[in-house]
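Just below is one structure, and these are the notes that go with it.
Residue numbers (my numbering): 1131 to 1172.
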C-alpha cells in the first residue's frame, strides 16, 4: 500500500516538472515571436 502511494508521488512530481518545462518553452516561444514582430515592424 505504501509503495503505491510513493510511486504516485514520484509520477505527480514528474508531471509538475514537465508542466513547468512546457510553460517555460511557451513563454520563450512567445518572447521570440514578439522579437520577430518588432523586427518586421521596424
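We put the beta carbon where it would ideally sit given N, CA and C, even for glycine.
Coil, strand or helix - residue i by DSSP
i            : result
residue 1172 : coil
Whole-angstrom distance between residue j and residue i, CA atom to CA atom
i            : j            : result
residue 1144 : residue 1160 : 24 Å
residue 1169 : residue 1162 : 11 Å
residue 1158 : residue 1152 : 10 Å
Residue-chain proximity (residue i, chain B), Cβ-Cβ < 9 Å
i            : result
residue 1153 : Reference to chain B is not applicable here, since this structure consists of a single protein chain.
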